[in-house]
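Some notes on the structure that comes next.
Chains as they are written, first to last, in our numbering: chain A, 4 to 192; chain B, 4 to 192.
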C-alpha cells in the first residue's frame, strides 16, 4: 500500500501562507533541500485542492513546468475539465479516489494543500503521514495548515530534527482511527 | 529583567483544550513532570486572562488551592474586585502592567492563557519565551493556543526535546520586534 503524506512548511501558529497567499517568510537552507530531494525521489504522485492548484498555476504562469514529471491530480467540484495537459481533474469523492490510488502500484503520494482539502482526506482516513517544516515565526493570520476534519486524529511522532535557522522537521504517523473519537461522536466499528 | 514565558500543552493543530474546555487528551508522564517541577522552581508569578481564571477556579471549586504560593494576577475589564483572597485583579493595560512587573526583582513570570490574552501580551512585546508541550493529536477544534497579535512575531528555537508517548517539548525565544513586520504594517521606530 502506498503512503500518503501531508507535507507542508508552516509557521509555529499553523499557517502555510499569509492571508494573501505569500510565503516570503519561508526559509530555504541546504539541509532542508536535501531532505526534500530525498522525499521527492520516493514520491511520484501529487494531490492538490483547487485553491492550491490555482496558486501553483499562477506561480508558474499556467505553464505548469514540472507537472509532467509527477502524476498530478486536482480535486474540485467547480472545475469541469483538466486544468492543464499534465494535470488530471478529480470530481468524484476524494476519499474513495485516494483509497483506490493507494491500492495501485507506485511510489509515495504527496498532498499539497491548505487545511481544507487535507481535512477532507483526514476525515476519509487516507492520510498516513504528516511531515512539517515548522518555521520559527508566528504569522498571526493566514491560510491554515489544519482545519477541522470533524474527528480526532491520533498521531505517533516518528522524527524530530532541528534544521538550520531554527526550522524544525517533524514527522508523524497517523494512528488507525480506533480508540479515541471526539466526545459525543460515535465510535467507528 | 525577569523572563515572561507563555507555556502550554497543546495539540499539533494548536489547541489547548477542546471546545468545552476539557483536556482529557493531555498525557502526563514522569519526564514532563520533572520539567514542570524545574520550571515552577524558577517561577514565582502567574498571569492569566479572565477566562482561564474562571476555568482554574471551577477546577478547584473556587478554593484556589495553591494560589497563595505563587503571585497570581487575573487580567479583566469585566471583573470589579479580586476574585479570590490570593489573586489580584488587574484592570489596567496588560502590556504596561507586565512591563513594570518585569522590572521588579523576582523570578520568572508564567502566562497561563488561551490565545487571546497571550496575543495581547505578544502585541505589547512583553513575552520573552514560548514553551510548548506538543501532543501527538489533531483535535480539530477547541480553544486556540495562538490568536492573532496583529503583528508578526519572530522566534529562535532554543530547545526541542522528544518526550515519552510522542510528546515534544519545544522552547522558543521571542526575537526583538525589529526587522520584519507583517506586510502593509508600519515599522516601529
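The C-beta atom is built at its ideal place from N, Cα and C for all residues, glycine as well. The structure presented is a predicted model; accordingly, all values stated were derived computationally and were not measured.
Nearest-angstrom Cα separation, counted from residue j out to residue i
| i | j | result |
| --- | --- | --- |
| residue 3/A | residue 42/A | Outside the shown range of chain A (4 to 192) lies residue 3/A, about which nothing can therefore be said. |
| residue 21/B | residue 144/A | 21 Å |
| residue 101/A | residue 154/B | 39 Å |
| residue 30/A | residue 38/A | 14 Å |
| residue 133/A | residue 87/B | 44 Å |
| residue 127/B | residue 98/B | 5 Å |
| residue 24/B | residue 61/B | 11 Å |
| residue 94/A | residue 121/A | 16 Å |
| residue 81/B | residue 96/B | 13 Å |
| residue 118/B | residue 180/B | 19 Å |
| residue 152/B | residue 130/B | 12 Å |
| residue 40/A | residue 10/A | 13 Å |
| residue 104/B | residue 157/B | 23 Å |
| residue 191/B | residue 177/A | Per-residue confidence for residue 191/B stands at a pLDDT of 39, beneath the threshold of 50, marking its modelled position as unreliable; the derived number appears in the next sentence. C-alpha separation (whole angstroms): 43 Å. |
| residue 165/A | residue 83/B | 46 Å |
| residue 26/B | residue 12/B | 10 Å |
| residue 53/A | residue 45/A | 24 Å |
| residue 78/A | residue 63/A | 19 Å |
| residue 58/B | residue 125/B | 22 Å |
| residue 136/A | residue 72/B | 40 Å |
Chain-order list of residues whose beta-carbon lies under 8 Å from that of residue i (same chain, five-residue window excluded)
| i | result |
| --- | --- |
| residue 142/A | 14, 16, 18, 21, 28 |
Chain-order list of residues whose beta-carbon lies under 7 Å from that of residue i (same chain, five-residue window excluded)
| i | result |
| --- | --- |
| residue 1/B | Residue 1/B lies beyond the stretch modelled for chain B, which goes from 4 to 192, so this question has no answer here. |
| residue 169/B | 139 |
| residue 85/B | 91, 92 |
| residue 229/A | Nothing can be reported for residue 229/A, as the shown portion of chain A is limited to 4 through 192. |
For residue i, the first and last residue of its enclosing alpha helix (DSSP H)
| i | result |
| --- | --- |
| residue 124/A | 118–127 |
| residue 37/A | 33–44 |
| residue 111/B | Element bounds for residue 111/B: not the alpha helix (DSSP H) but the beta strand (DSSP E), 111–115. |
| residue 102/B | 97–106 |
For residue i, the first and last residue of its enclosing beta strand (DSSP E)
| i | result |
| --- | --- |
| residue 8/B | 7–14 |
| residue 78/A | 74–78 |
| residue 53/A | Here residue 53/A belongs to no beta strand (DSSP E); instead the alpha helix (DSSP H) covers 53–62. |
| residue 163/A | 156–165 |
| residue 130/A | Unbroken run through residue 130/A: none, as it is neither H nor E. |
| residue 19/B | 18–20 |
| residue 25/B | That residue, residue 25/B, is in no beta strand (DSSP E); it is neither H nor E in DSSP. |
| residue 92/B | 90–93 |
| residue 176/A | 171–177 |
Buried or exposed by the 16-neighbour rule on C-beta atoms within 10 Å, applied to residue i
| i | result |
| --- | --- |
| residue 55/A | buried |
| residue 147/A | buried |
| residue 106/A | exposed |
| residue 150/A | buried |
| residue 36/A | exposed |
| residue 187/A | Residue placement at residue 187/A is poorly supported in this model, since its pLDDT is 49, which falls under 50; the coordinates still yield a value, given next. Answer is exposed; the Cβ neighbour count stays below 16. |
Cut-off 6 Å between Cβ atoms - residues of its own chain near residue i, not counting five sequence neighbours on either side
| i | result |
| --- | --- |
| residue 162/A | 174 |
| residue 167/A | 32, 34 |
| residue 50/B | 76, 114 |
| residue 7/A | 112, 129, 130, 131 |
Check: residue i C-beta below 7 Å from any heavy atom of the ligand MG
| i | result |
| --- | --- |
| residue 112/B | Absence of the ligand MG is noted for the structure shown, with no ligands found whatsoever. |
Residue-level contact to chain C via CB, residue i, 8 Å cutoff
| i | result |
| --- | --- |
| residue 17/A | Among the protein chains in the structure shown, which are A and B, there is no chain C. |
Give, in chain order, every residue of the segment 150–165 of chain A whose Cβ lies closer than 7 Å to some Cβ of chain B.
151, 152, 153, 154, 155, 156, 157, 158, 159, 160, 163, 165
Can you list, in chain order, the residues of the segment 134–151 of chain A whose Cβ is nearer than 7 Å to any Cβ on chain B?
139, 140, 141, 142, 143, 144, 149, 151
Got a sec: which bits of the segment 111–135 of chain A sit with their beta carbon under 9 Å from any beta carbon on chain B, in order along the chain?
118, 122, 125, 133, 135
Select from the segment 164–178 of chain B all residues with a C-beta closer than 7 Å to any C-beta belonging to chain A, and list them in chain order.
165, 169, 171, 175
Can you list, in chain order, the residues of the segment 68–94 of chain B whose Cβ is nearer than 7 Å to any Cβ on chain A?
none
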